[in-house]
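For any residue, its number in my numbering is found by taking its place in the sequence shown, counting from 1, and adding 63. Don't be surprised by glycine CBs; every beta carbon is placed ideally from N, CA and C.
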Amino acid sequence: SAKFGFFVAIPDFFPNPEGKKVFYKSITFPKNSDKIRLADREIIIRIPIIDRDVSSKTIIFLGFNLTKNQLNYNRKTNSQLQLEM
């Protein structure tokens with residue numbers, strides 16, 4: 064099994080910690096496999112932006128929260144994540 068993190072970040076709030084939230088998901092791999100396909104329930108994130116003009120221009124990042132080792136590995140191997148939509 065493994066636990067991975069993913070995040071939602073709003074650069075307008077940087078460097079305040081409120082500008083990034085990390086979520087974690089635990090997964091269990093099937094026996095004799097190092098790959099898994101995961102579908103999860105819908106995630107709803109509420110962002111308290113009142114002004115509609117501001118909200119339509121707000122940049123929001125979603126991504127996997129990698130450790131330094133994972134990030135370095137990806138940079139060295141030029142890895143690319145393939146997502147199935």
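For residue i and residue j, what's the separation of their Cα atoms in angstroms?
i       : j       : result
Arg-138 : Ala-65  : 22 Å
Tyr-136 : Phe-127 : 14 Å
Met-148 : Leu-101 : In this prediction, Met-148 has a pLDDT of 42, which is less than 50 and means its spatial position is unreliable; nothing more can be read from the coordinates.
Thr-121 : Leu-129 : 24 Å
Asn-79  : Ile-108 : 18 Å
Leu-125 : Asn-95  : 31 Å
Gly-82  : Ile-90  : 26 Å
Asp-97  : Ile-110 : 36 Å
Alpha carbons only, please: which of the options is nearest the one belonging to residue i?
i       : options                           : result
Ile-123 : Phe-67, Ala-72, Gly-68            : Ala-72
Arg-178 : Ser-119, Leu-134, Lys-88, Ile-110 : The structure shown has nothing for residue 178, since the chain only spans 64 to 148.
Using a Cβ-Cβ cutoff of less than 7 Å, which residues in the same chain neighbour residue i once the five nearest sequence positions on both sides are dropped?
i      : result
Lys-84 : Phe-70, Val-71
According to DSSP, which residues form a beta bridge with residue i?
i       : result
Phe-124 : Ala-72
Tyr-87  : Gly-68
Whose C-beta lies closer than 6 Å to the C-beta of residue i among residues of the same chain, with five residues either side of it excluded?
i      : result
Gly-68 : Val-85, Tyr-87, Asn-128
Which residues in the same chain have their Cβ closer than 8 Å to the Cβ of residue i, if we skip the five residues on either side of it in sequence?
i       : result
Gln-133 : none
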